[in-house]
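What follows is a single structure, written as structure tokens, with notes after it.
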Amino acid sequence: MIVSNLGNCRALLCTREGVDKALTSDHKAERIENQIIRGGYVAETRILELEEDMEFLALASDGLWDVVSNQEAVDTMLSVLAQAKTPKTFNIVSAAS
């Protein structure tokens with residue numbers, strides 16, 4: 001998997017154990033200006049081997065990350081995934097009843 005960050009966003013990897021790992025760092029204005037002044041590149045890229053314990057990758061802008069921690073995001077997404085994986089049961093009512 002190749003993950004690149006070119007702007008105000010963060011990529012967060014979550015494993016089945018609920019452990020999060022930020023794959024990119026936030027591109028804040030002051031950090032970008034410092035890199036440009038030194039002649040560096042703003043883009044950052046990571047290459048990862050896919051592993052069985054990788055559950056999901058979360059991508060969001062700083063609008064989320066400014067108010068939600070990595071762990072809060074992981075906990076919320078794990079909760080949503082758990083609900084989606086739970087089988088739904090339906091009561092079927094026949095017309096003859």
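Counting from 1, one number per residue, gives the positions in the sequence shown under UniProt numbering. Just so it is clear, CB atoms sit at the ideal spot from N, CA and C, and this is done for glycine as well.
Whose C-beta lies closer than 8 Å to the C-beta of K17 among residues of the same chain, with five residues either side of it excluded? The sequence position of residue 17 within the sequence shown is 17, counting from 1. According to the sequence displayed, residue 17 carries Glu and not Lys. Cβ neighbours of E17 beyond the five flanking positions: D53.
The alpha helix (DSSP H) enclosing S79, as first and last residue numbers: Here residue 79 corresponds to residue number 79 of the sequence shown, with the count starting at 1. Per DSSP, S79 belongs to the alpha helix (DSSP H) from 70–85.
A22 to L57 span [Cα, whole Å]: Here residue 22 refers to the residue found at position 22 when the sequence shown is read from its first residue. Here residue 57 refers to the residue found at position 57 when the sequence shown is read from its first residue. Cα-Cα distance, rounded: 10 Å.
C-alpha distance - I2 paired with A60, whole-angstrom precision: On the sequence shown, residue 2 is found 2 positions in, with the first residue counted as 1. On the sequence shown, residue 60 is found 60 positions in, with the first residue counted as 1. When rounded, the distance between both Cα atoms is 16 Å.
Sequence-distant residues of its chain with Cβ nearer than 6 Å to T45 (five each side left out): Along the sequence shown, read from residue 1 onward, the residue named residue 45 stands at position 45. Closer than 6 Å at the Cβ level, and outside the excluded window around T45, lie S4.
Please check the pair D62 and N8, which I expect to be a contact at CB under 8 Å, by giving their CB distance rounded to whole angstroms. Here residue 62 refers to the residue found at position 62 of the sequence shown. Here residue 8 refers to the residue found at position 8 of the sequence shown. Right, their Cβ atoms sit about 4 Å apart.
What do you get for D20, buried or exposed, if any count of 16 or more other CB atoms within 10 angstroms of its CB means buried? Position 20 of the sequence shown, counted from the first residue, corresponds to residue 20. Counting Cβ neighbours within 10 Å, D20 comes out buried, since at least 16 surround it.
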